[in-house]
Structure formats: structure tokens, C-alpha cells
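Chemist: Dumping the structure here so I can ask a few things about it.
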Amino acid sequence: MALTLGLEKEDRFRDKHGTVTGVTQAALDPRGTLGRDYARHFDVDLERVNLTYSNDLSERTNLLALAYQYRDHTQFWSAPQRFSSTGAPISSPDAYTTFNDYHQTQRGVKSELRTTTGPMAWMGGVEFKRNEYLNQTHAMVGYRNSPSPMERPTAAGTVFTDDRTGESVQALYGEGQWRLATDWTLTGNLRHDRIELDYDAKPVSGNRNSAIAERKTFDADSARLGLSWSGLANTVLFGNISTGFRAPTVDQLYRGSQNPSGSVANNPDLKTEQATNFEVGMRKTFTLLDREASLQTAVFQIDRKDFILDTNGQYSNGNAANIARYENIGGARSRGLELALQSSISPAWSWDLAYTYLDSTFTQYDQFLLAQGNPRGTLVGTGACTGPNPNWNNCYQLVPYNNTGNKVPRVPPHAVNLRTSWKPDQAWKLSTELDYRATAWADEINQEKWPGRTVFNLMVDYRRKTTWLSGATLSAFVRVDNVFDKRHYTIARGTNDAQSYATNFQYDGRYNAEDMSITVDPGRVWRVGMALRF
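Under the working numbering, the sequence shown has 214 at position 215, and the numbering climbs by one with no breaks.
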């Protein structure tokens, strides 16, 4: 019998993500000192507790149980202030409109029983989760969203949200493995989930002082069936088909109630997204340069249907004529190849190589409305925005796109990872890593790109049992990421027109590379750690 208890507590403060707007600011001000992240001033308090029980009831039977609790209390600022309550421009880097107070508690227990009987192996399990999310936001200052006199100011202290989401999951699952013949093995598993969502919101300004109490239950099944053949020496051929799902979130179900003044609507009739995965592959061991090597490769296709998509497109905007709501109207297909090769040069030197080719395409994405100008302003052709030369800081227009057939953004088609390790003795290990990611699209309309990059990382590990602390294990490491200090984009995301460094933080009524939200890699980073395990 084994009983393991894990405890962890962490308090940390992070002021900024280092996100900038546009390629010009990314080049001239990569740390974002001249711009303002959408969110900053993060104060995070984390707690983790887990208890694991394992008991071999017999030579063929094992019982495993796990219980855990995770807590996260995060407070932060969001939404940079653009205009004062009188409409005067605001550019101070510390001027933000919204204070966010977020509490998350996740609790769960899981138990699995495994046994073998002759040519068959069985596993049965149950899982229970109970998660709670508390969210409260309010205005830190008085402000307007545009300088237009038609824009109604928001008073300091205005409460936007004060809500609670409860998520309860009960799951029953099992897996069986049957040796059909000497070289053939059949594997199958089945899982049923019941997901219960409870959403309650107090009457506050953000929901027009309406109390909200919503309840929704989803029942979903997922399964896998696989077959493997080992009739060739040191080789296993395999294939499987599996299904998965993703349940709608509270925001997708009830965002019209959350924000009744916005051009959005509820859809409590959403269904779960469905995914089907087909995969065939091979595992093989062989000799490479007189050393033992292993190869695993597989080709796969994942089809997602009933994809939950905003009727105006993800990250897009709506208005009175284009009320947005989430529907099961999207689709995507991913096809690819995975390859992993491992071997060694000597008893002390080893290496492994991984390559992925991935082609992800939207199979259904009929409408995306891209906002040009201030999306919180007045629609072009109405009110004060009827002239031939609208002021884009007060006005906006929506440009429609059909993204069906486009590539899914931020999915690199090629990725390569090469690692080497050298162990001069049992205590020391030196590791190197070369990581390559190809260029990908940064936006749904496939206009702007997220450039590829290659980085080199280095790590030294030390691990040894002590004689002075009852055999406790002392471990320490030094890790250097991006050894050659190569500047690249950690992520790049394009959605619509933005106030960028290149336009003096004004809207210009166009969408291009200067409107992308970009996180620039910090360059060479050193990490040092030490642990003592009893």
C-alpha cells in the first residue's frame, strides 16, 4: 500500500504580460513600456492539495484513489482607460477602468480498479468533480468608451458583474483489453459524463439590475476502439478510432443575460461539440549505428462538428442589426503526422527527435464581422458618423468575411524538437534542446502571419541521495531558455482595428499588422531551482 500527500502554496505578483500592439511597437518597444496591456497588475494566490492511495489487492488487482483541491484567488486590472468621464483623452500607462476579483475552487475524487484475468485486462473507474467560480468586477474610475457626447459615462464604483458558477461532473468509465490471438490485441473504452452547471448572478448595473438563476445539464458519451498487431519482429502496427466532446460554457449559454446592453443574446439550447479522431501508426525498435533505437509514427484526422461559434465570428463585433449569439454552426478538420525517434550515441549520450505536421482547416465558418474603427463607438452611416470621412475614434464599420476553408490561426504546420542528454555520472545530467515552429496565420481571415522561430535551450541537473538526512533526495537545476537571445513572438493574435503605437494609439479604420496583439519573447531567461524530497 502507498499513500502520497502533496501540498503546494504560491503567492506571486506579475505586473504585465509584455503584450504590445502592432509590429512596429514589437520592434521598438518589445517590453511594452510605452503601451498598455489589456490586463495587468496580477496578484495571484494559489493552493494545491492532493492525496493518492494505491494498493495491490492481489498480484493481478490494484486499487487507486485520488482526491484533490485547487484554489486560485486572482485580482487584476483590465481595459485601459481611453477617455475620461467628460470625454478627454487618457494615455497614462496606469489608467485602467476595471478591477477584477476572481476566486476559483476545484475539488475532485477519482477511483480506479484494475485487474487481469487470462487474456483479458480490465479497468473500471468513477470520478466526481465539484468546481466553483466567483467573479466580481467594478469600475475603478469614471470613464467613457468614446469622446462622443452621445456616449453615456460610466461612474466610478459601478459593479459590472457579481456572479457564481457551479460545475458538477459525475463520470463512470471503463476499459478492456483482449488478446484475440498471439499477435492481435483489441482495446476498447467507454465513458459517460453528466455535467451540471449552476449560474447565479446578483442584480448589478452590468446586467441591468436583474437577478439571474440558470441551471443546465449535459449528458455526454465518449469512446475509443483500437486494434494492434505485433506479427513482425520488434514492430507493432496499430489503429484506433475515438470520440470526444466539449460542453458549452456559462458565457456561451447566457451572455445575453450577463450583458443585456450589448448586441448579444442567450442560447440555452446549445449542444456539446463533438470530435472524432482516426489514427493509424507504428511502433518499432531497431539498431541504429550499433545502438538500440525506437521509432513511433502515426497519421491522424480529427473532425470537429457542432463547433460552438459566435454567429458574427470569434473575436468579432455585433450591433443592433447583427445580434451575436453562440450556435453549433462551426466545423474544423485537423490532419497530421507525428514522428518520434529515440536513440543514443554512447551509454552516457542519448537523444530524441520529434516532428509534427499539422493541417487544420475550418470546414464551416460562414460569417466573421471585422470591426474597423472604435467598436464601442457609433456605426458608420448613423448618428454623427454619416459623413464621407468619419472620425474612427468615434465611429466603426463591420466588414464581413467567410472563413470557410481558411486555416485555423496560430496552428503551425510544422514543428520540430530535438533533445540531447549527457550523463557523465549518476548525479549530473546536461541537456540541450532545439525547438522549431513554422510560420502560421495570426487571424481567422488569414491575412496577417505569426512568424516562425527556432530557439536553443540548455539545462543542467543534479540529483543525489543524501547521507545526512535519512536518505532524502537533493535535486537542483539551472535552465537557460533562448540561449542565443533570439527575439521572436511568443504569440501573435489579430482580431480587428486597434489603437496602436504606429497610429499614435488612435483608430485608423483599417486592419493590418499594426493591429495585432503580440507578446514578444523576453529573450534569454535564467532559471535556478533546488528541492529536497523525503
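Note that CB positions come from ideal geometry on N, CA and C, so glycine has one too.
Values in this document were obtained by computation on a predicted structure and should not be read as measured data.
Can you name the start and end residues of the alpha helix (DSSP H) that residue 47 belongs to?
Modeler: Looking at the DSSP string, residue 47 is not in any alpha helix (DSSP H); the run it does join, the beta strand (DSSP E), is 38-55.
Chemist: Report the rounded CA-to-CA distance for residue 42 versus residue 31, giving the unit in angstroms.
Modeler: The straight-line gap from Cα to Cα measures roughly 19 Å.
Chemist: Can you tell me whether residue 98 is buried or exposed? The criterion is at least 16 other CB atoms within 10 Å of its CB, across all chains shown.
Modeler: So residue 98 counts as buried.
Chemist: For residue 498, count the other beta carbons within 10 Å of its own beta carbon; 16 or more makes it buried, fewer makes it exposed. Which is it?
Modeler: Residue 498 should be labelled buried.
Chemist: Closest to residue 268 by CA distance: which of 486, 325 and 452 is it?
Modeler: Of the candidates 486, 325 and 452, the one whose C-alpha sits nearest the C-alpha of residue 268 is 325.
Chemist: Note the first and the last residue of the continuous alpha helix (DSSP H) segment covering residue 256.
Modeler: First-last of the alpha helix (DSSP H) with residue 256: 249-257.
Chemist: On the three-pair Cβ rule with 8 Å, is the segment 224-238 touching the segment 176-194?
Modeler: Judged by Cβ distances under 8 Å, the segment 224-238 makes contact with the segment 176-194, as three or more pairs qualify.
Chemist: Who are residue 487's beta bridge partners in DSSP?
Modeler: Partner(s): none; residue 487 has no beta bridge.
Chemist: Is it right to say residue 371 is buried, meaning 16 or more other beta carbons lie within 10 angstroms of its own, or is it exposed?
Modeler: That one is buried.
Chemist: Please report the distance separating the alpha-carbon of residue 409 from that of residue 115.
Modeler: C-alpha separation (whole angstroms): 44 Å.
Chemist: With a cut-off of 8 Å, do at least 3 Cβ pairs link the segment 515-522 to the segment 388-404?
Modeler: Touching, no, given that fewer than three Cβ pairs across the two stretches are closer than 8 Å.
Chemist: Quick test of the definition: if touching needs 3 or more C-beta pairs under 8 Å, does the segment 151-163 touch the segment 125-137?
Modeler: As far as the Cβ criterion goes, the segment 151-163 touches the segment 125-137, which means the pair count is three or higher.
Chemist: Under 7 Å Cβ to Cβ from residue 192, same chain only, skipping five residues before and after it: list those, please.
Modeler: Once the five neighbours on either side are set aside, the close Cβ partners of residue 192 are 168, 170 and 219.
Chemist: Could you name each continuous beta strand (DSSP E) segment of 3 residues or more that falls completely within the segment 10-37, going from the start of the chain to the end?
Modeler: If we require 3 residues or more, the beta strand (DSSP E) runs fully inside the segment 10-37 come out as 18-20.
Chemist: Specify, as a first and last residue, the run of the beta strand (DSSP E) that residue 399 falls within.
Modeler: It spans 394-400 - the beta strand (DSSP E) in which residue 399 sits, taken as one unbroken run.
Chemist: Quick check: residue 356 and residue 405, are their CB atoms within less than 8 Å of each other?
Modeler: Against a cut-off of 8 Å, the Cβ pair of residue 405 and residue 356 comes out as no contact.
Chemist: How big is the Cα-Cα spacing for residue 307 and residue 354?
Modeler: In a straight line, the C-alpha of residue 307 is about 30 Å away from that of residue 354.
Chemist: Taking the alpha-carbon of residue 407 as reference, which of 416, 359, 427 and 426 has the nearest alpha-carbon?
Modeler: Cα-wise, what sits closest to residue 407 is 359.
Chemist: From residue 20 to residue 490, what does the alpha carbon distance come to, in whole angstroms?
Modeler: Taking the straight line joining both Cα atoms gives about 12 Å.
Chemist: Can you give me the C-alpha to C-alpha distance between residue 38 and residue 347, rounded to a whole angstrom?
Modeler: Distance between the alpha carbons of residue 38 and residue 347 is about 47 Å.
Chemist: Per DSSP, which residues does residue 406 bridge with? Please list them.
Modeler: Bridge partners of residue 406: 360.
Chemist: How about residue 492 and residue 441: do their beta carbons lie closer than 8 Å?
Modeler: In contact: residue 492 and residue 441 (Cβ atoms closer than 8 Å).
Chemist: Use the C-beta contact count for residue 471: other C-beta atoms within 10 angstroms, 16 or more gives buried, fewer gives exposed.
Modeler: Per the 10 Å Cβ criterion, exposed.
Chemist: Go ahead and pull the three-state DSSP assignment for residue 209.
Modeler: Coil, per DSSP.
Chemist: Under a three-way DSSP split, which group does residue 86 fall into?
Modeler: Coil at residue 86, not helix or strand.
Chemist: DSSP beta-bridge partners for residue 339?
Modeler: Its beta-bridge partners are 295 and 353.
Chemist: Skipping 5 residues on each side, what residues in its chain have a beta carbon closer than 6 Å to that of residue 52?
Modeler: Cβ neighbours of residue 52 beyond the five flanking positions: 2 and 64.
Chemist: Pairing CB atoms from the segment 411-427 with CB atoms from the segment 371-385, are three or more of them under 8 Å?
Modeler: Cβ pair count under 8 Å is below three, so no.
Chemist: With DSSP run on the structure shown, which of helix, strand or coil describes residue 499?
Modeler: DSSP places residue 499 in coil when its eight states are reduced to three.
Chemist: Going by the CB atoms, is the gap between residue 287 and residue 342 shorter than 8 Å?
Modeler: Closer than 8 Å, so yes.
Chemist: What's the gap between the Cα of residue 290 and the Cα of residue 282?
Modeler: Cα to Cα, residue 290 sits roughly 17 Å from residue 282.
Chemist: Quick one: Cα of residue 381 to Cα of residue 387, how far?
Modeler: Using only the alpha carbons, I get a separation of about 12 Å.
Chemist: Please report the straight-line C-alpha distance between residue 507 and residue 73, rounded to a whole angstrom.
Modeler: Taking the straight line joining both Cα atoms gives about 35 Å.
Chemist: Can you give me the start and stop residues for the beta strand (DSSP E) that residue 289 sits inside?
Modeler: Run containing residue 289: none; DSSP gives neither H nor E here.
Chemist: In angstroms, rounded to a whole number, what distance separates the CA positions of residue 214 and residue 249?
Modeler: In a straight line, the C-alpha of residue 214 is about 10 Å away from that of residue 249.
Chemist: Taking all protein chains shown into account, decide if residue 367 is buried (16 or more other Cβ within 10 angstroms of its Cβ) or exposed.
Modeler: Per the 10 Å Cβ criterion, buried.
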